[in-house]
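Residue numbers (the working numbering): 230 to 300.
Idealized CB from N, CA, C, for every residue including glycine.
These numbers were taken from a predicted model, which means no experiment stands behind them.
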């Protein structure tokens, strides 16, 4: 994932997964999708604490946050 919108990376990954399921994905696209996925995962991980802080600042309790966080 370069300086593009994360939504673009998700679309690229989705397209490669669909191609792989149909037996039409080549090695170059698969490796690029895996690299995009790693970078996207890192970005999503960095967003979580920001969103938690914002939700807490907006008055959300830990009880309200728990289901959204899967705990």
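In the DSSP assignment, find the unbroken alpha helix (DSSP H) run with residue i in it and report its ends.
i           : result
residue 233 : No alpha helix (DSSP H) contains residue 233, which DSSP labels as neither H nor E.
residue 297 : 291-298
According to DSSP, is residue i part of a helix, a strand, or is it coil?
i           : result
residue 253 : coil
residue 276 : helix
residue 264 : helix
residue 284 : helix
Hey, would you say residue i sits closer than 9 Å to residue j, going by beta carbons?
i           : j           : result
residue 239 : residue 261 : no
residue 251 : residue 258 : no
residue 242 : residue 273 : no
residue 284 : residue 293 : yes
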